[in-house]
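Residue numbers (this note's numbering): 45 to 263.
Report on the following structure.
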């Protein structure tokens, strides 16, 4: 029943994977070559991103006609709520208090991703957005795993401070199954369209803009 959906998701993750070397910041962090200050920048930017994405996922859940898609986006929204709590530890360990986070002026390149997700929350077919997000999450999760490891090995952060990245680096098989079910429902009802890979390509581009905009401040 789900072979076509699984094949489509696998193809999206493979075809839309970022080119090697396209992310300039994560390799710097992995090697311990980025300044410690990048973690403060990431925490402050993510504070805005997570809150925006939380609302976007709830909007997508409310717009989804199929139960599996509603459950998928509702699960993502719940995850953003958990991630927001973990950002407090990251920000504090990076030297930011609440006033500094609130007063931080975000970079346009770093905020392009949530802006596009907010657009898709209003305009995208949910089944297509599931495919695009699945491809992006594969890249995002791998980046988070690398950063969590580097924070411990090169920067001396405690486990609590790494919790934000550890959270997104942890595999979520239940979420993967919801994605398969949501895409299959979209295929079966004719809701899934040819826009999914376009959405995914743009997601990956905006993802790289986030990392490389921060890299530009330390190059």
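Even glycine gets a Cβ: it sits at the ideal position worked out from N, Cα and C.
Just so you know, these numbers come straight off a predicted model, no measurement behind them.
By Cβ distance, which residues of its chain are closer than 8 Å to residue i, with the 5 residues on each side in sequence left out?
i	result
residue 243	164, 168, 172, 173, 175, 176
residue 253	153, 154, 156, 157
residue 79	262
residue 128	91, 94, 95, 98
residue 136	205
residue 255	67, 68, 69, 70, 187
residue 122	none
CB-CB under 7 Å to residue i, same chain, minus the five flanking residues each way: which ones, in chain order?
i	result
residue 52	175, 227
residue 180	244, 247, 248, 251
residue 118	105
residue 201	137, 195
residue 185	212, 213
residue 232	none
If you draw a straight line from the alpha carbon of residue i to that of residue j, how long is it in whole angstroms?
i	j	result
residue 196	residue 76	10 Å
residue 205	residue 130	8 Å
residue 108	residue 126	23 Å
residue 234	residue 110	12 Å
residue 116	residue 203	28 Å
residue 159	residue 83	22 Å
residue 60	residue 54	10 Å
residue 199	residue 213	18 Å
residue 218	residue 64	29 Å
residue 97	residue 262	26 Å
residue 238	residue 222	21 Å
residue 86	residue 58	27 Å
residue 132	residue 56	33 Å
Between residue i and the rest of its own chain, which residues show a CB-CB distance below 6 Å, the 5 nearest in sequence each way excluded?
i	result
residue 230	171, 236
residue 103	165
residue 240	172, 175, 176
residue 113	170, 226
Hey, would you say residue i sits closer than 9 Å to residue j, going by beta carbons?
i	j	result
residue 257	residue 151	yes
residue 207	residue 134	yes
residue 209	residue 191	yes
residue 124	residue 94	yes
residue 62	residue 183	yes
residue 148	residue 67	no
residue 69	residue 259	yes
With residue i and residue j assumed to form a contact (beta carbons below 8 Å), what rounded beta-carbon distance in angstroms separates them?
i	j	result
residue 73	residue 216	23 Å between Cβ atoms; not a contact.
residue 88	residue 140	6 Å
residue 100	residue 138	The pair is not a contact, with the Cβ atoms about 25 Å apart (cut-off 8 Å).
**Asked** Which runs of the alpha helix (DSSP H), 4 residues or longer, sit entirely within the stretch 132 to 201?
**Response** Those alpha helix (DSSP H) runs which fall completely within the stretch 132 to 201 and span 4+ residues are 142 to 147, 156 to 167, 170 to 197.
**Item:** Residue ranges of each alpha helix (DSSP H) within the stretch 203 to 231, 4 or longer
**Value:** Entirely contained in the stretch 203 to 231, the alpha helix (DSSP H) runs reaching 4 residues are, in chain order, 207 to 213.
**alpha helix (DSSP H) segments (min. 4 residues) lying fully within the stretch 47 to 74** = For the stretch 47 to 74, whole alpha helix (DSSP H) runs of length 4 or above, ordered along the chain, are 47 to 59, 69 to 74.
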